[in-house]
């Protein structure tokens, strides 16, 4: 009888010990999960000093804003490449900035335009080119885009409006001062560049 009581007490003690250990492990796991979430949330808070006054800024997931950054990058590149004035230094400056945003397909198209006398014609006719973006369609999964815009060419003798459609792909790269969006346009090509209107100016 005494032995049975001892065995029962040993089993009870073992059960209590095992239960206590399991409970402790569960509590530790819950604490670890809660701590991880607290640290993760804390890392999303950035404080910016404005005249020594801390202002809370919210950090967001980069991928949530990526499509908007893609469109901004595409718009910036096309504006640099096509919005030009009859100034050698300015055009060279624009092209230099644009080439940071695209792979060799941009340089190839630049060289083709140069060989065809495109930039010389801007100088000789004192043309001012202004690009207006209509829309930019981006497929984030394929990282493919199609750009729709209108290119206004204001010459001394006439004003020409052209329809411009291009396409290409996007590649994520590290951000830099010359490429703040961290995107590289690849495989860029022009699908359409045709006149929509050509209005002669009164030269008298």
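In the numbering used here, the protein residues as written are 9 to 212. Glycine included, every Cβ here is placed at the ideal spot set by N, Cα and C. What you are looking at is a predicted structure, and each value in this text was computed from that prediction instead of being measured.
In angstroms, rounded to a whole number, what distance separates the CA positions of residue i and residue j?
{"i": "residue 90", "j": "residue 44", "result": "49 Å"}
{"i": "residue 206", "j": "residue 103", "result": "26 Å"}
{"i": "residue 95", "j": "residue 131", "result": "7 Å"}
{"i": "residue 183", "j": "residue 88", "result": "19 Å"}
{"i": "residue 41", "j": "residue 35", "result": "10 Å"}
{"i": "residue 155", "j": "residue 177", "result": "11 Å"}
{"i": "residue 115", "j": "residue 107", "result": "7 Å"}
{"i": "residue 202", "j": "residue 121", "result": "15 Å"}
{"i": "residue 133", "j": "residue 164", "result": "7 Å"}
{"i": "residue 144", "j": "residue 210", "result": "35 Å"}
{"i": "residue 20", "j": "residue 38", "result": "27 Å"}
{"i": "residue 79", "j": "residue 153", "result": "9 Å"}
{"i": "residue 18", "j": "residue 24", "result": "10 Å"}
{"i": "residue 158", "j": "residue 46", "result": "50 Å"}
{"i": "residue 101", "j": "residue 188", "result": "17 Å"}
{"i": "residue 119", "j": "residue 125", "result": "10 Å"}
{"i": "residue 75", "j": "residue 148", "result": "6 Å"}
{"i": "residue 32", "j": "residue 26", "result": "10 Å"}
{"i": "residue 123", "j": "residue 135", "result": "18 Å"}
Restricting to Cα atoms, I'd like to know which of the options is closest to residue i.
{"i": "residue 169", "options": "182, 200 and 196", "result": "200"}
{"i": "residue 192", "options": "159, 84 and 19", "result": "84"}
{"i": "residue 160", "options": "141, 177, 75 and 176", "result": "141"}
{"i": "residue 181", "options": "114, 164, 166 and 110", "result": "110"}
{"i": "residue 197", "options": "97, 105 and 117", "result": "117"}
{"i": "residue 162", "options": "138, 185, 18 and 149", "result": "138"}
{"i": "residue 73", "options": "129, 146 and 86", "result": "146"}
{"i": "residue 150", "options": "135, 126 and 175", "result": "175"}
{"i": "residue 113", "options": "18, 194 and 171", "result": "194"}
{"i": "residue 82", "options": "173, 166, 93 and 167", "result": "173"}
{"i": "residue 167", "options": "32, 204, 157 and 148", "result": "204"}
{"i": "residue 99", "options": "76, 79, 129 and 77", "result": "129"}
{"i": "residue 127", "options": "148, 153, 92 and 158", "result": "92"}
{"i": "residue 237", "options": "16, 105 and 76", "result": "For residue 237 there is no data in the structure shown, the boundaries of the chain being 9 and 212."}
Between which two residues does the alpha helix (DSSP H) harbouring residue i extend?
{"i": "residue 130", "result": "126-132"}
{"i": "residue 201", "result": "Note, residue 201: premise wrong, no alpha helix (DSSP H); beta strand (DSSP E) at 191-208."}
{"i": "residue 108", "result": "Residue 108 -> no alpha helix (DSSP H), and no H or E assigned at all."}
Per DSSP, which one or two residues make a beta bridge with residue i?
{"i": "residue 158", "result": "140 and 171"}
{"i": "residue 166", "result": "208"}
{"i": "residue 176", "result": "153"}
{"i": "residue 147", "result": "152"}
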